[in-house]
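Numbering (my numbering), first residue to last: 699 to 917.
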């Protein structure tokens, strides 16, 4: 994910993993207006897609300054109990992500864990935090994420898990984070015993806001 409120918003890197584990990359650009209709048009979803986003899906429970999943996984961005105002670090990123999840969920076709189904294998819209999963593989000891060495290490780890990258340039660290998200979604169908969800269950409050929500991670 990128910050849609930045002076020059970066495109959002999207990794697509097919049923055979073949990876391809795309980009999505934020619309000028972040209303639900514009967001759904800017981030189209196919009927059978499983979507995993590297960004917060919901607000914290009332009175909390951080979601439990973010605290447990030591996420640098903290989501409060109200939509943050862009300007301070991570505020625009958090706001844009929460609005995107809300828009995609309003489609009515992307089931979310806890509010729509209790089964990982039936949910189709998830949140992930790649930093936590990379930590489990101790990747930070094998090269910084933006360095050629670090990127090559991450790609090799995902290739060892059965993914096949396109030939050519080494993927960027953002593309590799996106691939990790897509791989976690792939596992919910191919090997659901290898993934679990961390944090408090997602719920919808009386005003229609999604709150808390669990983050997908490798078991």
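Every residue, glycine too, gets a C-beta built ideally from N, C-alpha and C.
| Query | Result |
| --- | --- |
| Residue span of the beta strand (DSSP E) that contains residue 896, given as start and end | 893 to 896 |
| CB of residue 892 within 8 Å of CB of residue 874, strictly | no |
| Rounded straight-line distance, which links the Cα of residue 753 to that of residue 939 | Since the first residue of the chain shown is 699 and the last is 917, residue 939 is not available in this structure. |
| Anticipated Cβ contact below 8 Å, residue 712 with residue 725, distance rounded | 7 Å |
| 8 Å Cβ shell around residue 815 - same chain, five flanking residues per side excluded | 809 and 821 |
| Closest residue to residue 829 among 738, 902, 900 and 913 (Cα-Cα distance) | 913 |
| Beta-carbon proximity of residue 758 to residue 909, cut-off 8 Å | yes |
| Three-state secondary structure assigned by DSSP to residue 839 | helix |
| Coarse secondary structure for residue 780, derived from DSSP in three states | coil |
| Residue 782 versus 802, 756, 766 and 771, residue with shortest Cα-Cα distance | 756 |
| Opening and closing residue of the alpha helix (DSSP H) in which residue 795 lies | 789 to 804 |
| Nearest-angstrom beta carbon gap, residue 732 and residue 702 [assumed within contact, 8 Å] | 6 Å |
| CB of residue 779 within 8 Å of CB of residue 767, strictly | no |
| Sequence-distant residues of the same chain with beta carbon closer than 6 Å to residue 734, five excluded per side | 801 and 804 |
| Distance CB(residue 720)-CB(residue 862) smaller than 8 Å | yes |
| Residue closest to residue 832, alpha-carbon to alpha-carbon, out of 705, 888, 792 and 871 | 871 |
| C-alpha gap between residue 795 and residue 866, whole angstroms | 31 Å |
| Of the listed residues 729, 750 and 793, nearest to residue 739 (C-alpha basis) | 729 |
| Identity of the residue in 835, 859, 869 and 824 nearest residue 845 by Cα | 869 |
| Those residues which DSSP pairs with residue 770 across a bridge | DSSP lists no partner for residue 770. |
| For residue 887, the three-state DSSP class (helix, strand or coil) | helix |
| Residue 761 at chain B interface by Cβ criterion, 8 Å | Checking the listed chains, one finds no chain B in this structure; it contains a single protein chain. |
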